[in-house]
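Student:
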Amino acid sequence: MPPITRPPLLRPGVLDGVRIVFAGGGADGTASACAALGARTATLDADLLDEEATSAAAERLDGADVLVCDTATGFRADGGTPAALQQALQRAWNATRCVVNAAHRPAGGGRVVLIAPRPADGQQAGAARAALETLARTTSVEWARFGVRVVALWPGDATADEALSGLVCYLASPAGAYFSGCVLELGAVAQSSGSS
6 MPPITRPPLL RPGVLDGVRI VFAGGGADGT ASACAALGAR TATLDADLLD EEATSAAAER
66 LDGADVLVCD TATGFRADGG TPAALQQALQ RAWNATRCVV NAAHRPAGGG RVVLIAPRPA
126 DGQQAGAARA ALETLARTTS VEWARFGVRV VALWPGDATA DEALSGLVCY LASPAGAYFS
186 GCVLELGAVA QSSGSS
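Under this note's numbering, read the sequence shown as residues 6 to 201, first letter to last.
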């Protein structure tokens, strides 16, 4: 009997019609990867520390099926200190709450992907990772009645950017709907040389 062949999971068109909003910066490669699979991408264009500005920007969005909130870029830029920890969490909360209220709840559901700093990003990286895990677990329970699913990603220090982008694409795809209230921890992923 011949083996069963299955199409690749992340194939062109798998994200057709999916609206993905990126917040926090640093997601150019991930946005391009999602767009290559058919997603419509946008940026939450606001100072995420300003709750009113973030709320207004979320209201201006043309819907959002998935919010990808990168806390790592701002955390690194702020030096990975206790102040950076506080600001990273405030940005994540403002972006998440505002997009959920403006887009996910009215639409009857949506997804949030919280990208944590890498362990080497600063002295408070471990605390930031734990806090984002708590945010994902708590909000997934609180917002389950609205069909909102929240996941935290913990990239390792050697995790390839392509691996992180691929996981975000996977979580935005139909298969990603099975994950909520959890942390997905990525280890080092070797770069493919293209040969077998």
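Using N, Cα and C, we set each Cβ at its ideal position, and we do this for glycine too.
(1) At what residues does the alpha helix (DSSP H) containing R81 begin and finish?
(2) So what does DSSP say about W98, is it helix, strand or coil?
(3) Just to confirm my understanding: we take D21, look at its own chain, exclude 5 residues before and 5 after, and list those with CB closer than 7 angstroms. What are they?
(4) What does a CB cutoff of less than 7 angstroms around A58 pick up in its chain, not counting 5 residues either side in sequence?
(5) Just to confirm the assignment, what range does the beta strand (DSSP E) spanning L20 have?
(6) So is G22 in contact with chain B if we call contact Cβ pairs under 8 angstroms?
(7) Between the region 56-75 and the region 98-118, do three or more beta carbon pairs fall short of 8 angstroms?
(8) Does the region 131-141 come into contact with the region 167-177, if we say contact requires no fewer than three beta-carbon pairs (one atom in each stretch) closer than 8 angstroms?
(9) Go through the region 79-159 residue by residue and report every complete run of the alpha helix (DSSP H) that reaches 4 residues or more, in order.
(10) Looking only at its chain, what residues have a beta carbon closer than 7 angstroms to the beta carbon of Q95, apart from the 5 residues adjacent to it on each side?
(11) DSSP three-state call for Q196: helix, strand or coil?
(12) Can you list, in chain order, the residues of its chain whose CB lies under 7 angstroms from that of T78, leaving out five sequence neighbours each side?
(13) What are the complete beta strand (DSSP E) segments, minimum 3 residues, inside the region 31-67?
(14) Please list, in chain order, all residues of the same chain as G192 whose beta carbon is under 6 angstroms from its beta carbon, the five residues on each side excluded.
Tutor: Straight from the coordinates:
(1) Numbered from 1 along the sequence shown, position 76 holds the residue referred to as residue 81. Counting along the chain, the alpha helix (DSSP H) containing R81 begins and ends at A77 to A82.
(2) Position 93 of the sequence shown, counted from the first residue, corresponds to residue 98. Taken through DSSP and simplified to helix, strand or coil, W98 comes out as helix.
(3) The count along the sequence shown starts at 1 and reaches residue 21 at position 16. Closer than 7 angstroms at the Cβ level, and outside the excluded window around D21, lie G43.
(4) If you number the sequence shown from 1, residue 58 lands on position 53. Sequence-distant Cβ neighbours of A58 in its own chain, meaning closer than 7 angstroms and more than five residues away, are A51 and D52.
(5) Against the sequence shown, residue 20 aligns to sequence position 15. That residue, L20, is in no beta strand (DSSP E); it is neither H nor E in DSSP.
(6) Annotation note: the requested chain B is absent from the structure, which comprises a single protein chain.
(7) With a cut-off of 8 angstroms, the region 98-118 and the region 56-75 count as touching, because enough Cβ pairs lie within range.
(8) Output reads no: the region 167-177 does not touch the region 131-141.
(9) If we require 4 residues or more, the alpha helix (DSSP H) runs fully inside the region 79-159 come out as 87-104 and 130-147.
(10) In the sequence shown, residue 95 corresponds to position 90, counting from 1. The beta carbon of Q95 is closer than 7 angstroms to those of L54 in its chain, skipping five residues each way along the sequence.
(11) The count along the sequence shown starts at 1 and reaches residue 196 at position 191. In this prediction, Q196 has a pLDDT of 47, which is less than 50 and means its spatial position is unreliable; nothing more can be read from the coordinates.
(12) Looking up residue 78 in the sequence shown gives position 73. Taken in chain order, the residues that qualify are G29, G30 and G31.
(13) With a minimum length of 3 residues, the continuous beta strand (DSSP E) runs that stay inside the region 31-67 are 45-48.
(14) For the purposes of this step, residue 192 is identified with residue 187 of the sequence shown, where counting begins at 1. Excluding sequence neighbours, G192 sits near G161.
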